[in-house]
Structure formats: structure tokens, C-alpha cells
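Take a look at the structure below.
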Amino acid sequence: MKVESSWTARDMTILKLTECIPLTDWRKMIVGGVEFKPFPVMDSGENIIAAEGKHDLTGKQVVFA
């Protein structure tokens, strides 16, 4: 899956993914080869997740591990 779009809110980057977030047990996400601690964004949809920091991750490949 890929990041369809990304934007910042305070000190977080919000990611809209091209697919739903997997329901499997994962603790990190790797975006464009860089590891991030993911933060669920409540009530925002099945394909929205956040990462700490300000980044432009649009178009990058995402892997949940």
C-alpha cells in the first residue's frame, strides 16, 4: 500500500493510505524505508494513521510490521 496524501497537525503527520490499515498484530510501520511508531487516529476512517514528526510522505510505500 502507499500513502495517498499526508499533512501535518501540530507535531504529527497524518497519512491517508490507499488501502485499509491491516487488522493483524503490528507495532510499527515502515514508510519509504524509514521506521515510525504509528498512532491510530480515532473516528477518521479505516485508512488514516499518524506518525510523530513533520514529514512529507505522499507517494511512499507503507509496510506494517
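If you use our numbering, the sequence shown corresponds to residues -10 to 54, in order.
For each residue, glycine too, the CB sits at the ideal point set by N, CA and C.
Sub-8 Å separation of residue i and residue j beta-carbons
i          : j          : result
residue -8 : residue 18 : no
residue 15 : residue 40 : no
residue 36 : residue 6  : yes
residue 49 : residue 0  : no
residue 21 : residue 4  : no
Residue i CB to nearest heavy atom of the ligand COA below 7 Å
i         : result
residue 1 : As presented, the structure is devoid of all ligands, the ligand COA included, so that no description of it is given.
Residue i - DSSP class collapsed to helix/strand/coil
i          : result
residue -7 : strand
residue 30 : coil
residue 54 : coil
residue 41 : strand
Cβ neighbour criterion (16 or more within 10 Å) applied to residue i
i          : result
residue -5 : buried
residue 23 : exposed
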